[in-house]
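The structure under discussion appears below in the form of structure tokens.
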């Protein structure tokens, strides 16, 4: 975090995501954030991919774009509003939303390249 004198909403958001959460969660942070994302998805269900994209904007998580949809996989690209934290909260959120939309168990995998943050959400119909 570079500017500790900032009074913007971005500073408050970064303060929580980059400083407080890692300190509180410790080495369990990845698992807890993923679970927390799934919990948020259950509290804020979306009826479509478009609603999920709108939620990302409202939550200040960034702009989500649909890249490709296969039979059992969805690829989404995130252009985050803040690029210095992990995206496990968002990954868990996507897994749970797609689980509900597809009526199947779903998991999110990430590919974090230099400029691109790609989520691969895979589901398995039984």
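Numbering (the working numbering), first residue to last: 82 to 207. Cβ coordinates follow ideal geometry from the N, Cα and C atoms, glycine included. From a predicted model like this one, the values you see are computed outputs, not experimental measurements.
Residue 53 (DSSP reduced to helix, strand or coil): For the chain, the structure presents residues 82 to 207; residue 53 sits outside this window and is missing.
Which of helix, strand or coil DSSP assigns to residue 117: Working through the chain shown from its first residue, we reach residue 117 at position 36. Looking at residue 117 - three-state DSSP - the assignment turns out to be helix.
In angstroms with no decimal places, state the Cα-to-Cα distance between residue 131 and residue 92. Taking the first residue of the chain shown as position 1, residue 131 is located at position 50. Taking the first residue of the chain shown as position 1, residue 92 is located at position 11. The straight-line gap from Cα to Cα measures roughly 28 angstroms.
Excluding the 5 residues flanking residue 187 on each side, which residues of the same chain have their C-beta closer than 7 angstroms to its C-beta? Stepping through the chain shown from its first residue, residue 187 is reached at position 106. Cβ contact annotation for residue 187 (same chain, cutoff 7 angstroms, sequence separation greater than five): 176, 179, 180, 202, 203 and 204, in chain order.
Residue 161 to residue 142 span [Cα, whole Å]: Mapped onto the chain shown, residue 161 falls at position 80. Mapped onto the chain shown, residue 142 falls at position 61. Cα-Cα distance, rounded: 6 angstroms.
Consider the Cβ of residue 205: report whether some Cβ of chain B lies at a distance smaller than 8 angstroms. Absent from the structure: chain B. Only one protein chain is present.
CA-to-CA distance, residue 134 to residue 90, given in whole angstroms: Looking up residue 90 in the chain shown gives position 9. Looking up residue 134 in the chain shown gives position 53. Roughly 20 angstroms between the two C-alpha positions.
Using a Cβ-based criterion (distance less than 7 angstroms to any ligand heavy atom), does residue 92 qualify as near the ligand NAD? The ligand content of the structure shown is nil, which means the ligand NAD is not present either.
Go ahead and label residue 190 buried or exposed: buried means 16 or more other beta carbons lie within 10 angstroms of its beta carbon, across all protein chains shown. Counting from one through the chain shown, the residue named residue 190 turns up at place 109. It is exposed - the Cβ of residue 190 has fewer than 16 other Cβ atoms within 10 Å.
List in chain order: all unbroken beta strand (DSSP E) runs of 3+ residues lying wholly within the region 108–182. 144–150 and 154–160
If you reduce the DSSP assignment to three classes, tell me which class residue 185 lands in. Here residue 185 refers to the residue found at position 104 of the chain shown. If DSSP states are grouped into helix, strand and coil, residue 185 belongs with coil.
Excluding the five sequence neighbours on either side, which residues of its own chain have a C-beta within less than 8 angstroms of the C-beta of residue 117, listed in chain order? The residue labelled residue 117 in the question sits at position 36 within the chain shown. Around residue 117: 170 and 173.
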